[in-house]
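Some notes on the structure that comes next.
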Amino acid sequence: MGLIVKGEHKIISKKEMANKVAQDIENNANDGMEKMTDSQKEIRKEIASAKRHREFMQRVATKKAVSVREEREIAEKEVIETPEIIVEARAEKEQVIASKSVSLGQRPDFNSMTKKEIDMWADENLGLALDRRKTKADLIKQINENL
């Protein structure tokens with residue numbers, strides 16, 4: 005990049021040119037400060053500080069956005085496809101507890117049976133679906149009402 009300094013042509017790097025431009029801008033900003041009052045100088049400094057902070061936060065936000073995007077890309081690259089899970093739809097056989105066989109003709113002794121046995125008997129013989137959360141006495145009462 006060419007730079008003319010006092011009549012001669014000098015080649016400088018981009019970094020040196022950026023520093024020179026920044027220095028010139030700073031000097032130009034300070035030239036007008038001499039004519040201002042103290043309150044105007046303070047306001048000018050606050051505005052310049054706010055501008056620098058805003059630019060800094062913008063750079064931070066763009067870097068953060070880039071880093072989040074890179075993390076997502078890395079996470080997507082690491083995903084490995086797995087084969088589909090195949091589940092056989094066989095119904096598990098329910099274990100039947102060996103209990104006294106009860107016929108419809110005779111009424112069993114519900115007090116000696118467990119809640120599960122009472123529920124199974126009501127389902128097989130009466131077609132009732134009992135709520136096992138209730139007490140045993142409530143289950144027996146419900147069966148007696150439907151007999």
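My numbering applies: residue 5 is where the sequence shown begins, and numbers increase by one. Backbone N, C-alpha and C define an ideal beta-carbon position, used for all residues, glycine too.
With respect to the C-alpha of Lys138, the residue from Gln62, Ile89, Lys120, Lys67 having the closest C-alpha is Lys120.
Burial state of Met61 is exposed, judged by a 10 Å Cβ sphere holding fewer than 16 other Cβ atoms. Taking C-beta atoms as the reference points, Ala141 and Leu132 fail to come closer than 8 Å. In the DSSP annotation of this structure, Lys138 is not part of any alpha helix (DSSP H), being labelled neither H nor E.
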